[in-house]
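Engineer:
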Amino acid sequence: MLSTKDNELMCRVGPGTLMGNFLRRFWIPVFPSEDLPGPDSDPKEVRLLGQDLVAFRDSSGRVGLIEALCPHRRAPLFYGRNEEHGLRCIYHGWKWDVEGRCVDMPTEPAEFNFQDKVRAESYPTQEAAGIVWAYLGPPDKRPALPDFEWMRVPASHRYYITYKQRCNFVQAMEGDIDPVHGGFLHSNLAGSREDSIFERILKSGGIKDDGLVRGKGAIWESKSNYNYVLGDHAPRYTVKDTDYGIMAAAAHKAEEGSLYWRVYQWLMPYHTMFSSVHGHLWIPIDDENTMVWCTSWSVDDPIPEEVRWGALHGEWPHVGTKDPATGLLRATRENHFFQDKQWQRDESYTGIRGTREQDTAVVEGMGALLDRSREHLGTSDTIIIAMRRRLLNLAKALGKGKEPVAATKSKVYRVRAWAGRMEGDAIEGFLDTPDAKERAVTVVG
Ligand code: FES
Ligand SMILES: [Fe+2]
Numbered sequence: 359m360l361s362t363k364d365n366e367l368m369c370r371v372g373p374g375t376l377m378g379n380f381l382r383r384f385w386i387p388v389f390p391s392e393d394l395p396g397p398d399s400d401p402k403e404v405r406l407l408g409q410d411l412v413a414f415r416d417s418s419g420r421v422g423l424i425e426a427l428c429p430h431r432r433a434p435l436f437y438g439r440n441e442e443h444g445l446r447c448i449y450h451g452w453k454w455d456v457e458g459r460c461v462d463m464p465t466e467p468a469e470f471n472f473q474d475k476v477r478a479e480s481y482p483t484q485e486a487a488g489i490v491w492a493y494l495g496p497p498d499k500r501p502a503l504p505d506f507e508w509m510r511v512p513a514s515h516r517y518y519i520t521y522k523q524r525c526n527f528v529q530a531m532e533g534d535i536d537p538v539h540g541g542f543l544h545s546n547l548a549g550s551r552e553d554s555i556f557e558r559i560l561k562s563g564g565i566k567d568d569g570l571v572r573g574k575g576a577i578w579e580s581k582s583n584y585n586y587v588l589g590d591h592a593p594r595y596t597v598k599d600t601d602y603g604i605m606a607a608a609a610h611k612a613e614e615g616s617l618y619w620r621v622y623q624w625l626m627p628y629h630t631m632f633s634s635v636h637g638h639l640w641i642p643i644d645d646e647n648t649m650v651w652c653t654s655w656s657v658d659d660p661i662p663e664e665v666r667w668g669a670l671h672g673e674w675p676h677v678g679t680k681d682p683a684t685g686l687l688r689a690t691r692e693n694h695f696f697q698d699k700q701w702q703r704d705e706s707y708t709g710i711r712g713t714r715e716q717d718t719a720v721v722e723g724m725g726a727l728l729d730r731s732r733e734h735l736g737t738s739d740t741i742i743i744a745m746r747r748r749l750l751n752l753a754k755a756l757g758k759g760k761e762p763v764a765a766t767k768s769k770v771y772r773v774r775a776w777a778g779r780m781e782g783d784a785i786e787g788f789l790d791t792p793d794a795k796e797r798a799v800t801v802v803g
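In this text, residue positions in the sequence shown follow my numbering: the first is 359, and each later residue adds one.
#1: Relative to the alpha-carbon of Asp-398, which residue among Gly-372, Asp-455, Pro-390 has its alpha-carbon at the smallest distance?
#2: With respect to the beta strand (DSSP E) encompassing Asp-462, which residues constitute its N-terminal and C-terminal limits?
#3: Three-state secondary structure (DSSP) at Glu-781?
#4: When DSSP builds the beta bridges, which residues end up paired with Pro-642?
#5: Roughly how many angstroms separate the alpha carbons of Lys-402 and Arg-500, rounded to a whole number?
#6: In angstroms, rounded to a whole number, what distance separates the CA positions of Tyr-437 and Lys-680?
#7: Note down the Cα distance separating Trp-640 from Met-649, rounded to an integer number of angstroms.
#8: At which residues does the alpha helix (DSSP H) containing Lys-699 begin and terminate?
#9: Consult DSSP for Glu-366 and reduce its assignment to one of helix, strand or coil.
#10: Helix, strand or coil for Asn-526? Go by DSSP, reduced to three states.
#11: Which same chain residues, not among the five before or five after Ala-486, have their C-beta less than 7 Å away from its C-beta?
#12: Looking only at its own chain, which residues have a Cβ that is under 7 Å from the Cβ of Met-531, when we skip the five neighbours before and after it?
#13: Judging by CA-CA distance, which residue of Val-621, His-443, Gly-458, Gly-712 is the nearest neighbour of Glu-796?
#14: Report all residues for which the CB-ligand distance to some heavy atom of ligand 1 is below 5 Å; order them along the chain.
#15: Just checking, does the segment 609 to 621 make contact with the segment 772 to 779 on the three C-beta pairs under 8 Å criterion?
#16: With a threshold of 7 Å on Cβ separation, who are the neighbours of Tyr-771 within its own chain once the five nearest residues in sequence on each side are excluded?
#17: Whole alpha helix (DSSP H) runs in the segment 672 to 751 with 4 or more residues, listed along the chain?
#18: Looking at the secondary structure, which residues open and close the beta strand (DSSP E) in which Pro-390 lies?
#19: Ordered along the chain, which non-local residues of its own chain (more than five positions away) have a Cβ less than 6 Å from that of Leu-367?
#20: Which residue wins for smallest C-alpha separation from Ala-719, given the options Arg-688, Ile-743, Thr-740?
#21: In terms of residues, what are the limits of the beta strand (DSSP E) holding Val-597?
#22: Could you tell me if the beta carbon of Thr-713 falls within a distance shorter than 7 Å of some heavy atom in ligand 2?
#23: Am I right that Glu-646 and Ala-726 are in contact with their C-beta atoms under 8 Å? What's the rounded C-beta distance?
#24: Do Thr-465 and His-804 come within 8 Å of each other at the CB atom, strictly closer than that value?
#25: Please list, in chain order, all residues of the same chain as Pro-593 whose beta carbon is under 6 Å from its beta carbon, the five residues on each side excluded.
#26: State the DSSP-derived secondary structure class of Asn-583, mapped to helix, strand or coil.
#27: Taking the straight line between their C-alpha atoms, what separation do you get for Glu-705 and Ala-548?
#28: Can you tell me whether Thr-791 is buried or exposed, with buried defined as 16 or more other CB within 10 angstroms of its CB?
#29: Just to confirm, are Phe-695 and Glu-673 a CB contact at a threshold of 8 Å?
#30: Does the Cβ of His-676 lie closer than 7 Å to at least one heavy atom of ligand 2?
#31: What number of angstroms, rounded off, separates the C-alpha of Cys-460 from the C-alpha of Asn-751?
#32: Going by the DSSP bridge assignment, what does Val-412 pair with across the sheet?
#33: Just checking my contact of Cys-652 with Ile-742 at CB under 8 Å: how many whole Å lie between their CB atoms?
#34: Around the C-beta of Ser-545, are 16 or more other C-beta atoms found within 10 angstroms, so that it is buried, or is it exposed?
#35: According to DSSP, what are the bridge partners of Pro-434?
#36: Just the C-alpha distance for Leu-588 and Tyr-481, rounded to the nearest angstrom, thanks.
Have a look at this one:
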């Protein structure tokens with residue numbers, strides 16, 4: 359449970375809000391670089407943290423991100439002509455460069471120098487790992503990019519899938535650090551995971567049965583290890599505050615004298631990792647909409663083409679009902695996520711097809727911005743409680759002038775999630791054992 363006041367502080371992201379200011383201390387992934395394929399290619403509409411913007415690649419290949427409406431009489435610059443180092447408004451021809459300078463003002467006499475007095479709001483961008491990143495915070499606080507393992511591997515070793523969820527980013531993100539929901543929401547009545555993700559992964563090879571996946575195109579833990587998760591719906595937890603956010607672990611029962619550990623990472627301000635080669639980014643479009651980035655990577659070998667293809671177009675694609683035109687799922691609240699009640703009776707736990715659709719059905723179904731004052735949290739919500747507390751405390755601390763350390767130390771992001779069966783049954787202090795520490799460090803970094 360969270361007071362309505364704290365809930366509002368945690369979820370509202372527009373300019374000037376507590377959380378909005380916090381998020382604006384970090385670089386934000388905005389869209390894949392290929393969306394602006396070349397110099398003077400078509401501009402792109404962007405909505406980020408409640409701000410409407412337009413992105414364009416100028417004649418020299420630089421990416422500009424400026425306010426969506428022309429500073430003259432507020433016509434939308436998205437319709438503009440992208441030509442010769444600037445975006446020209448179609449209403450009266452005023453032209454803006456990537457830094458928001460007015461470089462041509464054909465309707466005004468040159469001697470008035472009015473051109474020098476007007477500026478479009480603009481934000482710095484940079485491209486890394488095939489993504490355009492933007493920084494919307496104070497110029498003097500601009501940090502380095504986070505140093506994630508998935509950003510360091512070659513392009514052939516990773517892929518991204520994005521889609522939109524129609525709810526607040528914290529609400530969407532909480533589902534990723536909820537260690538027990540998979541045994542229900544993503545299961546079938548036979549007690550196993552219902553999609554064929556394991557078969558897809560096994561085909562790609564390289565799974566080690568301790569779940570310590572160190573590459574070879576592997577995406578997820580082994581099927582036999584996942585049975586520990588399905589076999590123990592009430593694991594025990596330990597959580598640790600870190601420079602970058604929190605590290606948390608759920609210990610599921612395993613063979614006598616051992617535990618099956620799943621170690622999760624929440625990294626400021628919107629990254630979650632629950633596997634050593636798969637993670638998510640939860641980017642607020644505004645208070646009630648989130649862009650979800652699913653990142654998959656391999657450490658050693660390129661990801662086989664059939665795995666990449668399968669994730670996008672196969673029988674069980676990563677996001678099965680995505681509408682490419684809108685980025686939204688076709689499965690929505692309005693059509694009850696295509697829930698098949700007969701299938702739910704006979705076989706599927708939910709009757710909803712697709713992991714992302716199942717997740718979306720529950721997080722969007724709560725409403726776009728959930729009032730958490732009516733929740734009743736249990737021990738299984740331990741990691742979520744810790745993440746909320748840390749997120750709120752960090753944002754409140756910034757409100758009192760304390761800058762977030764992680765924003766300036768990109769190397770703290772060189773961590774990974776992992777899973778594996780370990781000897782011993784001690785819970786407290788587990789994350790500080792040498793074995794656990796070693797596994798949480800990136801290999802490529
Ligand atoms: S509104 Fe853009 S040039 Fe007039
Ligand atoms: Fe899920």
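The beta-carbon is built from N, C-alpha and C at its ideal position, and this holds for glycine as well.
Structural biologist: Concretely, from the data shown:
#1: Residue numbering aside, residue 398 sits at position 40 when the sequence shown is read from its first letter. The option with the nearest alpha carbon to Asp-398 is Asp-455.
#2: Indexing the sequence shown from 1 puts residue 462 at position 104. Where Asp-462 is concerned, the enclosing beta strand (DSSP E) stretches over 460 to 462.
#3: Along the sequence shown, read from residue 1 onward, the residue named residue 781 stands at position 423. Residue state, collapsed to three classes: strand.
#4: Residue 642 sits at position 284 when you count from the first residue of the sequence shown. According to DSSP, which records beta bridges pairwise, Pro-642 is partnered with Thr-648.
#5: Counting from 1 along the sequence shown, the entry for residue 402 is found at position 44. Counting from 1 along the sequence shown, the entry for residue 500 is found at position 142. Each residue's Cα considered, the two are about 24 Å apart.
#6: Along the sequence shown, read from residue 1 onward, the residue named residue 437 stands at position 79. Along the sequence shown, read from residue 1 onward, the residue named residue 680 stands at position 322. Rounded to the nearest angstrom, the two C-alpha atoms are 26 Å apart.
#7: Walking along the sequence shown from the start, residue 640 turns up at place 282. Walking along the sequence shown from the start, residue 649 turns up at place 291. Straight-line Cα distance between these residues: approximately 6 Å.
#8: Here residue 699 is taken as the residue at index 341 of the sequence shown, counted from 1. That run of the alpha helix (DSSP H) goes 699 to 704.
#9: On the sequence shown, position 8 is the one that residue 366 refers to. The answer is helix: DSSP assigns Glu-366 an H, G or I state.
#10: For the purposes of this step, residue 526 is taken as residue 168 along the sequence shown, with counting starting at 1. DSSP places Asn-526 in coil when its eight states are reduced to three.
#11: If you number the sequence shown from 1, residue 486 lands on position 128. Answer for Ala-486: Leu-503, Met-509, listed in chain order.
#12: The sequence position of residue 531 within the sequence shown is 173, counting from 1. For Met-531, where only same-chain residues beyond five positions count, the Cβ hits under 7 Å are Tyr-628, Thr-630, Trp-640.
#13: In the sequence shown, the residue the question calls residue 796 occupies position 438. Minimum Cα distance to Glu-796 is reached at Val-621.
#14: Cys-428, His-430, Arg-431, Ala-433, Cys-447, Tyr-449, His-450, Trp-452
#15: yes
#16: Position 413 of the sequence shown, counted from the start, is the residue given in the question as residue 771. Excluding sequence neighbours, Tyr-771 sits near Pro-504, Asp-505, Phe-506, Tyr-602, Leu-625.
#17: 699 to 704, 713 to 723
#18: Against the sequence shown, residue 390 aligns to sequence position 32. From DSSP, the beta strand (DSSP E) with Pro-390 extends over 386 to 390.
#19: As a working mapping, residue 367 is identified with position 9 in the sequence shown. Result list for Leu-367: Leu-376, in chain order.
#20: By one-based count along the sequence shown, residue 719 stands at place 361. Checked all of Arg-688, Ile-743, Thr-740; the closest Cα to Ala-719 is Arg-688.
#21: By 1-based counting over the sequence shown, the position of residue 597 is 239. Note, Val-597: beta strand (DSSP E), 594 to 599.
#22: One-based indexing of the sequence shown puts residue 713 at position 355. It does: the Cβ of Thr-713 is within 7 Å (strictly closer) of some heavy atom of ligand 2.
#23: Here residue 646 refers to the residue found at position 288 of the sequence shown. Here residue 726 refers to the residue found at position 368 of the sequence shown. Yes, they are in contact, since the Cβ atoms of Glu-646 and Ala-726 sit about 4 Å apart, within 8 Å.
#24: Residue 804 lies beyond the range of the chain shown here (359 to 803); nothing can be said about it.
#25: For this step, residue 593 is matched to residue 235 along the sequence shown. Counting only Cβ-Cβ distances below 6 Å, and skipping sequence neighbours, we find Ala-608, Ala-609, His-610.
#26: On the sequence shown, position 225 is the one that residue 583 refers to. Asn-583: helix per DSSP, three-state reduction.
#27: In the sequence shown, counting from the first residue as 1, residue 705 sits at position 347. In the sequence shown, counting from the first residue as 1, residue 548 sits at position 190. Rounded to whole angstroms, Glu-705 to Ala-548 spans 7 Å at the Cα level.
#28: Position 433 of the sequence shown, counting from 1, holds the residue named residue 791. So Thr-791 counts as exposed.
#29: Counted from its first residue, the sequence shown places residue 695 at position 337. Counted from its first residue, the sequence shown places residue 673 at position 315. Going by C-beta atoms, Phe-695 is not nearer than 8 Å to Glu-673.
#30: Along the sequence shown, read from residue 1 onward, the residue named residue 676 stands at position 318. It does not: the Cβ of His-676 is nowhere closer than 7 Å to a heavy atom of ligand 2.
#31: Locating residue 460 in the sequence shown gives position 102, where the first residue counts as 1. Locating residue 751 in the sequence shown gives position 393, where the first residue counts as 1. Answer to the nearest angstrom: the Cα atoms are 41 Å apart.
#32: In the sequence shown, the residue the question calls residue 412 occupies position 54. Its beta-bridge partners are Glu-403, Ile-424.
#33: Here residue 652 refers to the residue found at position 294 of the sequence shown. Here residue 742 refers to the residue found at position 384 of the sequence shown. Not a contact, Cβ separation roughly 20 Å.
#34: Indexing the sequence shown from 1 puts residue 545 at position 187. The residue in question, Ser-545, is buried, as its Cβ has 16 or more Cβ neighbours within 10 Å.
#35: On the sequence shown, residue 434 is found 76 positions in, with the first residue counted as 1. Answer is Leu-427.
#36: Residue mapping note: residue 588 aligns to position 230 of the sequence shown, counting from 1. Residue mapping note: residue 481 aligns to position 123 of the sequence shown, counting from 1. About 46 Å.
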